[in-house]
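Accompanying notes for the structure given below.
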Amino acid sequence: MYLLLGRLAREKGIRIVVGHVNYGTRGAESAKDQKMVETIGRNNRYKTEILVSGTRGNFPAGFEKKAREIRYRFLRDLSGKVGAEAIALAHTADDQVETILMRVFEGAGITGLKGIPRASKDGIVRPILDVWKEEILDYLKKRKIPYRIDRSNVDIRFERNWVRHVLIPLLEKRYGKAVKKRIFTLGERFRELDDYLEGEAGRWIRRNVKMHKEGAFVFRRKPFSALPSVLRVRILQRICFDRLGVGPNERLLKAMDGNVSNGGPSAKVNVGKGWQLANRYEEAFFVPGESGKDRKSAASPLGKKAPTSLAAPGEVKIPLGQEGRIVTFAWEAQGKGSPAQAKRLAAKGDAEVFDAAGLALPLMVRPLRPGDRIRPFGAGAGGNARDGEKKVKEILIDRKIPRDDRWGRPVLCDAEGAILWIPGVLRSSHAPVTLGTRKTALLRIRSTK
36 MYLLLGRLAR EKGIRIVVGH VNYGTRGAES AKDQKMVETI GRNNRYKTEI LVSGTRGNFP
96 AGFEKKAREI RYRFLRDLSG KVGAEAIALA HTADDQVETI LMRVFEGAGI TGLKGIPRAS
156 KDGIVRPILD VWKEEILDYL KKRKIPYRID RSNVDIRFER NWVRHVLIPL LEKRYGKAVK
216 KRIFTLGERF RELDDYLEGE AGRWIRRNVK MHKEGAFVFR RKPFSALPSV LRVRILQRIC
276 FDRLGVGPNE RLLKAMDGNV SNGGPSAKVN VGKGWQLANR YEEAFFVPGE SGKDRKSAAS
336 PLGKKAPTSL AAPGEVKIPL GQEGRIVTFA WEAQGKGSPA QAKRLAAKGD AEVFDAAGLA
396 LPLMVRPLRP GDRIRPFGAG AGGNARDGEK KVKEILIDRK IPRDDRWGRP VLCDAEGAIL
456 WIPGVLRSSH APVTLGTRKT ALLRIRSTK
């Protein structure tokens with residue numbers, strides 16, 4: 036009544052439509068509420084729409100939530116029907132204090148502790164959110180504006196009513212009447228802080244979060260970890276909301292922040308809706324999740340394909356996973372070469388040069404597997420076949436190869452099964468080019484779609 040006949044009635048040039056929901060939970064009293072709304076609308080020439088809800092009975096289980104859903108859906112439908120620019124609701128400063136207290140007990144973050152918003156993106160506005168109930172009652176009485184009291188508002192079975200009629204009076208008794216205003220002001224400070232964090236998070240995301248291949252989003256872990264924790268959490272929240280369509284709770288946000296800031300080089304956490312937040316050494320990736328079949332394909336691009344042999348100069352083409360990519364290994368016979376020439380040819384990582392006489396043929400191409408070992412270039416060969424060998428896993432970790440990219444990549448082996456070359460990573464010490472090399476074998480790899 037205060038919103039309708041006090042605040043809004045003073046506005047010039049606006050058209051008012053009144054919407055009212057009769058839930059029928061209070062029998063004759065609910066009918067009297069509806070009658071008063073219809074009378075006020077008729078006397079003031081306001082178009083009035085009434086929804087008589089199917090809800091019946093003495094406040095069934097979950098009534099507050101169900102009633103809110105019915106009310107908001109009705110008002111949004113009515114707004115669209117009449118072409119309204121806004122839906123005005125009569126939340127007051129007292130409602131704001133109650134909301135802030137309830138959210139404190141729920142463990143809400145900064146966004147929750149700012150309380151009820153003055154305006155929402157869906158067109159809802161709350162013009163009297165800074166007006167206290169005491170002021171409203173005084174205004175109504177002085178101007179003899181009629182109003183009704185909903186008896187369910189004193190039923191302390193409902194959480195808000197318990198906060199209103201039990202907790203707040205205890206706080207006022209202990210801390211004085213001004214305690215409500217202090218709580219309200221606290222909410223305003225949280226609102227300012229929330230607005231600031233929102234702006235800073237948006238700027239950081241625009242500068243630092245990049246679109247990666249296959250729909251992933253990537254950012255550097257070190258600059259992220261240097262930010263205040265409250266800003267880190269807001270950044271993760273905004274990425275989830277705006278780019279992944281995920282609404283993370285406080286617990287998940289804390290887990291994601293810990294994963295990026297303190298997690299291992301391959302740590303990951305499930306975000307929801309098929310997304311994962313995965314560390315890849317210095318970077319963090321939001322990546323689309325994969326089915327079991329897809330994970331198997333990604334982890335082993337060559338699948339269970341038998342080794343492919345290369346017994347003489349030429350090339351072999353190998354399908355790579357399910358992506359339609361082809362890996363080609365080419366063997367080019369060369370004349371005499373020098374160690375310096377071999378080093379130049381191998382500089383880009385897509386080629387290696389061997390002493391042809393030192394190769395045990397045929398050469399084989401197979402997937403890299405856990406447990407593989409290699410004798411890195413420069414390691415001496417002793418009497419034992421394993422002298423100088425290292426676990427490939429350790430080398431991949433040292434080279435900071437992400438876990439998902441380690442196994443299944445194609446490698447070149449000799450006829451005895453020794454790994455000669457892991458393209459893009461390193462070559463072995465087998466068949467090195469020396470000043471005494473008379474004939475070289477140049478091996479190249481290329482990938483095509």
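Converting from the sequence shown to our numbering requires adding 35 to each position, the first position being numbered 1.
Cβ coordinates follow ideal geometry from the N, Cα and C atoms, glycine included.
For the pair N314 and P300, the CB atoms are nearer than the 8 Å cut-off. About 6 Å separates the Cβ atoms of A346 and L396, confirming a contact at the 8 Å cut-off. If you ignore the 5 residues before and after I409, its C-beta comes within less than 6 Å of the C-beta of V427, I454 and S463, all in its own chain and listed in chain order. Pairing S155 with V244, the inter-Cα distance amounts to about 27 Å. Distance between A213 and K168, taken at the CA atoms: about 14 Å. Contact between I218 and I105 does not hold, since their C-beta atoms are separated by about 30 Å, which reaches or exceeds 8 Å. Judged by DSSP in its simplified three-state form, N284 adopts coil rather than helix or strand. Under the three-state reduction of DSSP, L470 is assigned to coil, being neither helix nor strand.
Of the residues I274, V304 and R278, the one whose Cα lies closest to the Cα of R286 is V304.
Using a Cβ distance threshold of 8 Å, R269 and E233 count as a contacting pair. The residue from L205, L447, K383 and M137 with its alpha-carbon nearest to that of V400 is L447. Leaving aside the five residues that flank Q69 on each side, the residues in its chain whose CB is nearer than 7 Å to its CB run, in chain order, H55, N57 and I85. If you look at E318, you'll find it in the beta strand (DSSP E) that goes E318 to P323. For A313, DSSP records a beta bridge to K303 and F320. Within the DSSP secondary-structure output, P445 pairs in a beta bridge with P402.
Ranked by how close their Cα comes to the Cα of A319, the residues G307, V362, G309 and N297 have N297 in first place.
A straight-line Cα-Cα distance of about 23 Å links L262 and H247. By the C-beta criterion, the region 384-391 is judged to be in contact with the region 472-484, since at least 3 inter-stretch pairs fall below 8 Å. Using a 10 angstroms sphere on the CB of F276, the tally of other CB atoms stays under 16, which defines it as exposed.
Its Cα nearest to that of M71, the residue P181 stands out among G349, P181 and E223. Inter-residue distance for R441 and Q131 is about 54 Å (C-alpha atoms, whole angstroms).
With fewer than 16 other Cβ atoms inside 10 Å of its own Cβ, N79 counts as exposed. The beta carbon of P437 lies closer than 6 Å to those of R315 in the same chain, with the five residues before and after it left out. Distance between V139 and K149, taken at the CA atoms: about 10 Å.
If you draw a straight line from the Cα of Y81 to the Cα of G222, it comes to about 35 Å. Under DSSP, the beta-bridge partners assigned to I480 are F364.
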